[in-house]
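*Asks:*
Number of protein chains: 2
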Amino acid sequence: MYGVILAGGSGTRFWPYSREMYPKQLLKIFGDQTLIQATLSRIAPIIPSDGIYIVTNPQQGEQIQFQLPPSTKGPHFITEPMGRNTAAAIGLAAMVLSKRDPEGVMAVLSADHFIQDKEQFLEVLLQGRSLAKKGYLVTIGAKPTRPETAYGYIQKGEPLSDGHGGSRVARFVEKPDRPTAEGYIKSDAFFWNAGFFIWKASCILEEIFKFMPELAAGLTKIKEALGTDQEEEILKEVYPALPSISIDYGVLEKSDRLAVIPAEMGWEDVGSWSALDEVLPKDENGNIITGNVVNIGSTDSIIYGNCRVVAVVGLKDVVVADTQDATLICSKDRAQDVKKVVEALKKREGDSHLVHRTVLRPWGSFTVLEEGASFKIKRILVKPKARLSLQSHTKRAEHWVVVAGTARVTCGESVYDIGTNQGTFVPMGVKHRLENPGEEVLQIIEVQCGAYLGEDDITRYSDDFGRVAKKVEAKR
Amino acid sequence: MYGVILAGGSGTRFWPYSREMYPKQLLKIFGDQTLIQATLSRIAPIIPSDGIYIVTNPQQGEQIQFQLPPSTKGPHFITEPMGRNTAAAIGLAAMVLSKRDPEGVMAVLSADHFIQDKEQFLEVLLQGRSLAKKGYLVTIGAKPTRPETAYGYIQKGEPLSDGHGGSRVARFVEKPDRPTAEGYIKSDAFFWNAGFFIWKASCILEEIFKFMPELAAGLTKIKEALGTDQEEEILKEVYPALPSISIDYGVLEKSDRLAVIPAEMGWEDVGSWSALDEVLPKDENGNIITGNVVNIGSTDSIIYGNCRVVAVVGLKDVVVADTQDATLICSKDRAQDVKKVVEALKKREGDSHLVHRTVLRPWGSFTVLEEGASFKIKRILVKPKARLSLQSHTKRAEHWVVVAGTARVTCGESVYDIGTNQGTFVPMGVKHRLENPGEEVLQIIEVQCGAYLGEDDITRYSDDFGRVAKKVEAKR
Numbered sequence: 334m335y336g337v338i339l340a341g342g343s344g345t346r347f348w349p350y351s352r353e354m355y356p357k358q359l360l361k362i363f364g365d366q367t368l369i370q371a372t373l374s375r376i377a378p379i380i381p382s383d384g385i386y387i388v389t390n391p392q393q394g395e396q397i398q399f400q401l402p403p404s405t406k407g408p409h410f411i412t413e414p415m416g417r418n419t420a421a422a423i424g425l426a427a428m429v430l431s432k433r434d435p436e437g438v439m440a441v442l443s444a445d446h447f448i449q450d451k452e453q454f455l456e457v458l459l460q461g462r463s464l465a466k467k468g469y470l471v472t473i474g475a476k477p478t479r480p481e482t483a484y485g486y487i488q489k490g491e492p493l494s495d496g497h498g499g500s501r502v503a504r505f506v507e508k509p510d511r512p513t514a515e516g517y518i519k520s521d522a523f524f525w526n527a528g529f530f531i532w533k534a535s536c537i538l539e540e541i542f543k544f545m546p547e548l549a550a551g552l553t554k555i556k557e558a559l560g561t562d563q564e565e566e567i568l569k570e571v572y573p574a575l576p577s578i579s580i581d582y583g584v585l586e587k588s589d590r591l592a593v594i595p596a597e598m599g600w601e602d603v604g605s606w607s608a609l610d611e612v613l614p615k616d617e618n619g620n621i622i623t624g625n626v627v628n629i630g631s632t633d634s635i636i637y638g639n640c641r642v643v644a645v646v647g648l649k650d651v652v653v654a655d656t657q658d659a660t661l662i663c664s665k666d667r668a669q670d671v672k673k674v675v676e677a678l679k680k681r682e683g684d685s686h687l688v689h690r691t692v693l694r695p696w697g698s699f700t701v702l703e704e705g706a707s708f709k710i711k712r713i714l715v716k717p718k719a720r721l722s723l724q725s726h727t728k729r730a731e732h733w734v735v736v737a738g739t740a741r742v743t744c745g746e747s748v749y750d751i752g753t754n755q756g757t758f759v760p761m762g763v764k765h766r767l768e769n770p771g772e773e774v775l776q777i778i779e780v781q782c783g784a785y786l787g788e789d790d791i792t793r794y795s796d797d798f799g800r801v802a803k804k805v806e807a808k809r
Numbered sequence: 334m335y336g337v338i339l340a341g342g343s344g345t346r347f348w349p350y351s352r353e354m355y356p357k358q359l360l361k362i363f364g365d366q367t368l369i370q371a372t373l374s375r376i377a378p379i380i381p382s383d384g385i386y387i388v389t390n391p392q393q394g395e396q397i398q399f400q401l402p403p404s405t406k407g408p409h410f411i412t413e414p415m416g417r418n419t420a421a422a423i424g425l426a427a428m429v430l431s432k433r434d435p436e437g438v439m440a441v442l443s444a445d446h447f448i449q450d451k452e453q454f455l456e457v458l459l460q461g462r463s464l465a466k467k468g469y470l471v472t473i474g475a476k477p478t479r480p481e482t483a484y485g486y487i488q489k490g491e492p493l494s495d496g497h498g499g500s501r502v503a504r505f506v507e508k509p510d511r512p513t514a515e516g517y518i519k520s521d522a523f524f525w526n527a528g529f530f531i532w533k534a535s536c537i538l539e540e541i542f543k544f545m546p547e548l549a550a551g552l553t554k555i556k557e558a559l560g561t562d563q564e565e566e567i568l569k570e571v572y573p574a575l576p577s578i579s580i581d582y583g584v585l586e587k588s589d590r591l592a593v594i595p596a597e598m599g600w601e602d603v604g605s606w607s608a609l610d611e612v613l614p615k616d617e618n619g620n621i622i623t624g625n626v627v628n629i630g631s632t633d634s635i636i637y638g639n640c641r642v643v644a645v646v647g648l649k650d651v652v653v654a655d656t657q658d659a660t661l662i663c664s665k666d667r668a669q670d671v672k673k674v675v676e677a678l679k680k681r682e683g684d685s686h687l688v689h690r691t692v693l694r695p696w697g698s699f700t701v702l703e704e705g706a707s708f709k710i711k712r713i714l715v716k717p718k719a720r721l722s723l724q725s726h727t728k729r730a731e732h733w734v735v736v737a738g739t740a741r742v743t744c745g746e747s748v749y750d751i752g753t754n755q756g757t758f759v760p761m762g763v764k765h766r767l768e769n770p771g772e773e774v775l776q777i778i779e780v781q782c783g784a785y786l787g788e789d790d791i792t793r794y795s796d797d798f799g800r801v802a803k804k805v806e807a808k809r
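Protein chains in written order, with my numbering: chain A, 334 to 809; chain B, 334 to 809.
1. From V645 (chain A) to R690 (chain B), what distance separates their C-alpha atoms?
2. Output needed in chain order: residues of the stretch 764–787 of chain A with a Cβ under 9 Å from some Cβ in chain B.
3. Report the start-end ranges of each beta strand (DSSP E) in the stretch 596–623 of chain B that is 3 residues or longer and not cut off at the edges.
4. Drop a sphere of 10 angstroms on the beta-carbon of V810 (chain B), count the other beta-carbons inside from all chains shown, and report buried for 16 or more, exposed for fewer.
5. Under 8 Å, do N754 (chain B) and V735 (chain B) count as touching if we go by C-beta distance?
6. So, under 8 Å CB-CB, D670 (chain B) and G485 (chain A) are touching, yes? Tell me the CB distance rounded to an integer number of Å.
7. Please name the residues in the stretch 595–624 of chain A whose beta-carbon is closer than 8 Å to at least one beta-carbon of chain B, in chain order.
8. Span of the beta strand (DSSP E) holding K533 (chain B)?
9. Indicate whether at least one CB of chain D lies closer than 8 Å to the CB of A644 (chain A).
10. State the DSSP-derived secondary structure class of V697 (chain B), mapped to helix, strand or coil.
11. Would DSSP call K804 (chain B) helix, strand or coil?
12. Beta-carbon separation of L538 (chain B) and S431 (chain B) under 8 Å?
13. Measuring CB to CB, does S577 (chain A) end up less than 8 Å from R766 (chain A)?
14. Using a C-beta to C-beta distance shorter than 9 Å, which residues of chain A count as neighbours of G630 (chain B)?
15. Residues of the stretch 707–727 of chain B in Cβ contact with chain A at a cutoff of 9 Å, in chain order, please.
16. Starting from Q724 (chain A) and walking both ways along the beta strand (DSSP E), at which residues does that stretch end?
17. Chain A partners of G647 (chain B), CB-CB under 8 Å?
18. Going by DSSP in three states, I778 (chain A) sits in which element: helix, strand or coil?
19. Can you find a CB in chain B that lies within less than 8 Å of the CB of V759 (chain A)?
20. Return no unless some Cβ of chain A is closer than 8 Å to the Cβ of D655 (chain B).
21. Report the residue from B:R712, B:A740, B:C744 whose alpha carbon sits nearest the alpha carbon of Q724 (chain B).
22. Select from A:A677, A:K716, A:N639 the residue whose C-alpha is nearest the C-alpha of E773 (chain A).
23. Let's see if you can read the secondary structure: which residues bound the alpha helix (DSSP H) around V671 (chain B)?
24. If you drop the 5 nearest sequence neighbours on each side, which residues of the same chain put their C-beta closer than 6 Å to that of I713 (chain A)?
25. Would V742 (chain B) count as contacting chain A if we go by Cβ distances under 8 Å?
26. Reducing DSSP to helix, strand and coil, say where F758 (chain A) ends up.
27. Name the chain A residues whose beta carbon is nearer than 8 Å to that of A730 (chain B)?
28. Return the residue from the list A:R641, A:V471, A:V692 that minimises the CA-CA distance to P595 (chain A).
29. Would you please verify whether the beta carbon of R352 (chain B) is less than 8 Å from any beta carbon of chain A?
30. Give the straight-line distance between the Cα atoms of T317 (chain A) and F544 (chain A), rounded to the nearest whole angstrom.
31. Please classify G336 (chain B) as buried or exposed, where buried requires at least 16 neighbouring CB atoms within 10 angstroms.
32. Does DSSP classify Y517 (chain B) as helix, strand or coil?
33. Take the Cβ of F454 (chain A) as the centre, count every other Cβ of all protein chains shown within 10 Å, and call the residue buried at 16 or more, exposed below.
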């Protein structure tokens with residue numbers, strides 16, 4: 334069995350913890366692991382990393398790679414030039430897989446869901462594999478525990494005679510209204526649509542060719558280019574024109590090969606801040622509180638503090654989420670409207686909807702501490718033995734002060750080491766490079782001065798990460 | 334007439350905008366002026382600055398001075414070694430004044446009250462002066478506009494035959510309960526006790542000698558030392574032992590020389606965040622919003638944003654107050670409990686209850702941008718032509734980068750100027766001085782490195798502000 338992890342999606346619902354370039358799957362909102370890390374850990378007992386494909390976009394792919402242990406075996410990345418909904422993503426993954434193993438069974442999983450009972454989840458995957466091998470398109474129906482109106486539902490039909498706990502699918506229901514949902518949970522026939530699918534690559538492709546000829550045509554063009562020099566170019570050409578339709582709507586609602594396996598595994602999508610109530614433990618006043626928080630008499634609230642002091646007094650049913658550069662305070666019953674905040678921010682100048690102040694890079698990370706009219710201050714962390722590209726800037730000079738570790742500085746023709754408490758100066762226009770020759774993390778404070786301080790004022794001459802001659806926003 | 338401004342008080346009620354060392358009177362919560370500035374502007378038409386005495390403590394006195402235009406004529410500062418409630422503060426001021434002009438009339442005013450109708454206020458002061466000259470202890474009764482339970486009340490008695498709109502005082506009432514307060518506003522006889530008093534210095538001292546012999550004895554000792562070399566020493570010795578009692582309780586409730594002048598001047602104490610509702614204009618949804626705020630559907634809320642993004646979604650009757658290092662989110666009806674946050678913070682390590690990250694100094698200001706284990710980053714602003722003390726540090730080195738203006742740097746035996754984009758380094762233990770020789774504000778970024786970075790690691794050799802050889806916390 335192969336695992337296909339859908340890891341696209343933009344980070345609007347958990348703003349300000351998530352950002353457009355830093356969505357929910359990259360966050361540690363439930364514990365020590367980020368959601369993508371937890372997703373991969375969960376399937377590790379039955380799918381080796383070489384069998385795992387992560388479908389994502391270039392920027393998120395880079396962020397996901399930072400969160401995974403270094404490995405040459407996998408997971409593999411399938412990079413969409415842009416998001417085109419689940420039918421295209423799954424079709425692309427099926428096409429890639431079918432070149433490797435046409436009769437292989439693929440389990441399509443979301444990168445950012447919560448599952449309480451990991452063993453039950455694996456059992457369901459294995460049940461699904463058995464059904465998939467027989468040619469079924471298998472969906473997973475999570476047993477509902479409340480009349481949730483934020484989820485879609487699957488109504489099961491007659492049981493399958495060939496066992497494995499599956500049934501036919503009577504119908505899919507989009508997010509129902511409250512009375513309808515209340516009716517569903519009284520019935521035994523309705524399940525939450527967990528958005529997990531198990532099928533043979535060949536089967537789903539057959540159905541795509543049957544019900545989505547336009548997508549099928551695009552995928553056929555892409556298939557020919559896969560593994561060739563033209564792959565990236567063809568993808569960029571074909572992908573934007575693919576129909577942006579969900580696999581549910583494009584295929585599943587039309588196919589007669591469907592099956593559903595009911596599962597009690599504590600599944601939740603956790604689609605908003607208020608949904609954390611369903612998955613996280615609460616204190617005696619019904620609060621979920623982490624970080625630097627002072628609470629005076631608040632109840633039933635979710636408070637995600639950070640470094641700064643957040644004091645909450647007498648709140649009820651409120652979500653507070655504090656980050657370095659933005660704070661959300663939201664009535665719990667309006668958690669779906671957090672996306673409206675992100676929309677409002679997009680219309681403004683600035684990039685606070687897009688990125689955090691801390692940006693991960695292959696060599697380490699940088700955090701913008703302060704920006705003024707003609708200066709910008711960053712804290713830069715460089716991993717042991719790592720180095721930034723050899724670069725220059727046309728419009729800014731840089732002052733570096735080492736506050737931990739040792740820095741090897743290339744500045745023009747000179748190469749020299751500076752230790753903790755020492756500083757150096759890189760004039761405008763001069764080729765330079767920052768390197769950590771040591772065994773501990775190098776930490777420097779950089780003060781940039783100049784009339785223009787955009788990240789795109791960079792010319793790269795040599796880079797350990799293949800970024801030469803690219804001028805990419807928000808990179809260095 | 335003289336003005337005596339009581340400007341003590343600690344900053345707990347408007348945390349995090351106010352801090353213990355930065356109370357409400359120093360804030361611009363109602364407009365362009367801070368409350369102490371507004372208080373001084375208000376009385377300026379009838380009391381010249383030489384006639385004004387500000388009673389405060391040393392730290393707040395320094396902060397208030399930063400907010401006043403430079404003047405050698407006044408206001409004068411009367412510095413209490415510590416707060417001992419209003420009877421002691423007023424007695425001290427009366428003693429100081431009685432040496433200058435025993436029959437002088439003093440108007441005792443709070444530094445941090447709100448007054449809508451400035452002309453009416455001045456008229457009331459002049460009415461009060463006329464009554465005070467006849468020997469009355471005049472209180473001001475603000476006409477109540479709602480059954481406020483957070484204010485004390487004055488019940489007026491029979492009208493004074495000698496005119497000026499005054500009446501005898503029937504009694505003082507402490508903060509009443511709601512039904513009582515509702516009864517009061519239906520009556521014509523009850524007024525809010527504005528805490529403003531007008532009387533001759535000699536009269537209030539007579540009453541203090543009559544009703545508060547212990548305070549009188551202390552003030553007598555102090556009187557002998559006023560203007561001598563022993564003044565500060567005697568104050569420090571005597572003041573802590575003075576009874577800590579309000580003038581209302583200690584004198585006014587016992588005296589038979591009382592009068593009250595009713596006034597419709599739009600007076601408010603504004604004792605908490607929620608009280609802003611009474612004095613500031615609201616948007617069409619009942620909100621008071623300033624700063625960098627995104628509001629999606631919040632109503633009847635008070636949102637004080639700052640530089641960072643604060644997004645509020647669907648809040649009702651909530652106060653949000655954001656500062657660089659702390660954010661308050663408080664149900665409006667719990668605004669009195671903000672002081673509990675300050676108490677909780679006092680029990681923790683750190684000084685976030687005490688000071689802001691931006692600290693004003695005579696030469697300018699500094700803001701702590703970031704603190705790490707072995708480094709601290711500050712933005713330092715130096716006023717034109719101002720300079721810091723000649724100083725050295727035993728445990729830290731300092732890197733300076735000029736981001737605006739020109740710096741004159743003394744470092745050991747060298748004196749040199751560095752311009753915008755240039756940097757310099759001050760090694761540990763070396764005598765140094767930072768000066769702004771120019772006409773614009775000098776802005777530098779300072780990166781401090783060392784094992785200990787406390788503000789008390791400073792030895793001053795020469796200082797324009799008389800701070801030589803003092804090691805005072807939070808100074809430089």
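A virtual CB, placed ideally from N, CA and C, is assigned to each residue, including glycine.
Small disclaimer: the values here were computed from a predicted structure and weren't measured.
*Replies:* So, from the listed chains and residues:
1. Looking at the two C-alpha atoms, the distance is approximately 21 Å.
2. Per Cβ criterion, the list reads Q776, I778, V780, C782, G783.
3. Runs found: 621–623.
4. Since the first and last residues shown for chain B are 334 and 809, residue 810 (chain B) lies out of range.
5. V735 (chain B) is positioned such that its CB atom lies closer than 8 Å to that of N754 (chain B).
6. D670 (chain B) to G485 (chain A), Cβ: 43 Å. No contact.
7. Cβ contacts with chain B: none found.
8. That run of the beta strand (DSSP E) goes 523–533.
9. Among the chains of the structure shown, chain D does not appear; the protein chains present are A and B.
10. The amino acid at residue 697 (chain B) is misidentified as Val; the sequence shows Gly. G697 (chain B) carries a strand assignment under DSSP once its states are collapsed to helix, strand and coil.
11. At K804 (chain B), the pLDDT of 37 sits below 50, so the modelled position is not reliable and the matter cannot be decided from this model.
12. Yes, Cβ-Cβ distance for L538 (chain B) and S431 (chain B) is below 8 Å.
13. No, the Cβ-Cβ distance between S577 (chain A) and R766 (chain A) is not below 8 Å.
14. Going along chain A in sequence order, the residues near G630 (chain B) (Cβ under 9 Å) are S664, R667, D670, K673.
15. Taking 9 Å as the Cβ-Cβ cut-off, the stretch 707–727 of chain B approaches chain A at S707, F708, I710, R712, given in chain order.
16. If you look at Q724 (chain A), you'll find it in the beta strand (DSSP E) that goes 723–725.
17. Near G647 (chain B) (Cβ distances below 8 Å), the residues of chain A are C663, S664, D666, R667, D670.
18. I778 (chain A) falls in the strand class under three-state DSSP.
19. Chain B places no beta carbon closer than 8 Å to that of V759 (chain A), leaving this residue out of the contacts.
20. Closer than 8 Å: yes.
21. Closest by alpha carbon: B:C744.
22. Taking only the C-alpha atoms, the option nearest E773 (chain A) is A:K716.
23. Residues 671–680.
24. Within the same chain, Cβ atoms closer than 6 Å to the Cβ of I713 (chain A) are found at F699, I777, E779, the five residues on either side in sequence being excluded.
25. Residue-level contact check: V742 (chain B) does not touch chain A, since none of the beta carbons of chain A fall below 8 Å from its beta carbon.
26. Strand at F758 (chain A).
27. Per Cβ cutoff of 8 Å: N754.
28. Comparing C-alpha distances from P595 (chain A) to each of A:R641, A:V471, A:V692 shows the shortest one belongs to A:V471.
29. For R352 (chain B), no CB of chain A lies under 8 Å from its own CB, so it is not counted at the interface with that chain.
30. Nothing can be reported for residue 317 (chain A): it is not among the residues displayed for chain A, which extend from 334 to 809.
31. Looking at its Cβ environment, which holds 16 or more other Cβ atoms inside 10 Å, G336 (chain B) is buried.
32. Three-state result, Y517 (chain B): helix.
33. Counting the other CB atoms within 10 Å of its CB gives F454 (chain A) a total of 16 or more, which places it among the buried residues.
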